[in-house]
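In my numbering, the protein residues as written are 176 to 484. C-beta atoms are modelled at their ideal positions from N, C-alpha and C, and glycine is treated no differently. Since the structure comes first, as structure tokens, the remarks are kept for the end.
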Ligand code: HEM
């Protein structure tokens, strides 16, 4: 007798807002100079290998991949079910390379949401791109004038597993923590102001002439208006329990960003942060991946149709 068609663990559950996002990694197109699946000529120029940045401590076992599936929803049991069954259906063709579970989320993405907090206790997502704002489409979706045509209305996903050195962070003063981000912890307001949504003024100084936001603060280096580079952050908190090597929590931010072209967005932004961000004292980038996410599917269509039909 053959096994049942469904593994059953989500049988009595509602759909839990499940969404699945699928992406194609650079190695699906070319790997070690080999055209593995006859797709090399269709690799988007924007799907570059993410370069090494200063301070990277990447684990190859938690990086890269030919395909990615991002399952999001309100119930981990439903998400587990989705990933498990896709894996089951793909058995013999695909194998799982790495998995990252995440919880909460670290970015508000519409103006209707209040800003959630990351594991460092700060509001995260205040100046994120908002799906209901006019500059969203230009920065997130591959446009009708971009090549290749099969990626139009798609997007590029960059994922970074960023470990937070929680014990070191927990020993630093609130003033140091706030100087690290350039924002107040409780309100999320830029330093020296009291409203979360006060625009960031990198030239603002106190009466003695000292800058309110230090030049190496995270928001000074990431500020999208000043550097004319915007991304959609869609990250999650994570913990994978204890790191037995050091007897401390293995926890952090599973950073995910969507954008129209990583060469013009994530890469220059991360290059600036990796060189000078005060936050680097408290974090380590330990995993990295990039994927081309094709456009969504029309009724009756299938994922990846524009590339593979
Ligand atoms: C553990 C790592 C990180 C933490 C805890 C973190 C946390 C934060 C916080 C608290 C803010 C201020 C609130 C906000 O506007 O959202 C912020 C802003 C921001 N972060 Fe990060 N971040 C991390 C890594 C990164 C990385 C790797 C990038 C991109 C390469 C990035 C890009 C940004 C951007 C674009 C902003 C908005 C800046 C602005 O326009 O003012 N962050 N982040």
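Considering just the uninterrupted stretch of the beta strand (DSSP E) at residue i, what are its terminal residues?
i: residue 306; result: Looking at the DSSP string, residue 306 is not in any beta strand (DSSP E), and its letter there is neither H nor E.
i: residue 399; result: Taken as a continuous stretch (DSSP letters only), residue 399 belongs to no beta strand (DSSP E), being part of the alpha helix (DSSP H) at 399-402.
i: residue 312; result: From DSSP, residue 312 is part of no beta strand (DSSP E) but of the alpha helix (DSSP H) over 311-315.
Nearest to residue i by alpha carbon, out of the options?
i: residue 307; options: 430, 284 and 418; result: 284
i: residue 445; options: 435, 430 and 384; result: 430
i: residue 179; options: 254, 260, 204 and 209; result: 260
i: residue 428; options: 226, 412 and 378; result: 412
i: residue 452; options: 355, 197 and 483; result: 355
i: residue 338; options: 418, 193 and 245; result: 418
i: residue 203; options: 423, 312 and 243; result: 243
i: residue 424; options: 211, 341 and 271; result: 341
i: residue 462; options: 232, 409 and 384; result: 232
i: residue 352; options: 315, 372, 379 and 392; result: 392
i: residue 401; options: 364, 302, 331 and 329; result: 302
i: residue 368; options: 245, 387 and 399; result: 387
Going by DSSP, what residue range makes up the alpha helix (DSSP H) through residue i?
i: residue 352; result: 349-356
i: residue 381; result: Unbroken run through residue 381: none, as it is neither H nor E.
i: residue 256; result: 251-265
i: residue 199; result: Residue 199 -> not in any alpha helix (DSSP H); beta strand (DSSP E) instead, spanning 194-199.
i: residue 445; result: 441-451
Quick one: measure Cβ to Cβ for residue i and residue j, integer angstroms, because I've assumed they're closer than 8 angstroms.
i: residue 326; j: residue 473; result: Not confirmed; about 16 angstroms, so no contact.
i: residue 251; j: residue 222; result: Contact flag wrong, Cβ pair sits at about 30 angstroms.
i: residue 464; j: residue 240; result: 6 angstroms
i: residue 439; j: residue 228; result: Not really, about 16 angstroms apart at Cβ, beyond 8 angstroms.
i: residue 263; j: residue 482; result: Residue 263 to residue 482, Cβ: 24 angstroms. No contact.
i: residue 195; j: residue 236; result: Not confirmed; about 24 angstroms, so no contact.
i: residue 435; j: residue 317; result: 6 angstroms
Buried or exposed for residue i, going by 16 or more other Cβ atoms inside 10 Å?
i: residue 390; result: exposed
i: residue 349; result: exposed
i: residue 278; result: exposed
i: residue 310; result: exposed
i: residue 192; result: exposed
Got a sec: does the ligand NAD put a non-hydrogen atom nearer than 7 angstroms to the Cβ of residue i?
i: residue 481; result: Inclusion of the ligand NAD in the displayed structure is not the case, the ligand content consisting of the ligand HEM alone.
Of all Cβ atoms in chain C, is any one closer than 8 angstroms to the Cβ of residue i?
i: residue 412; result: Although the question refers to chain C, the structure presented lacks it and comprises just one protein chain.
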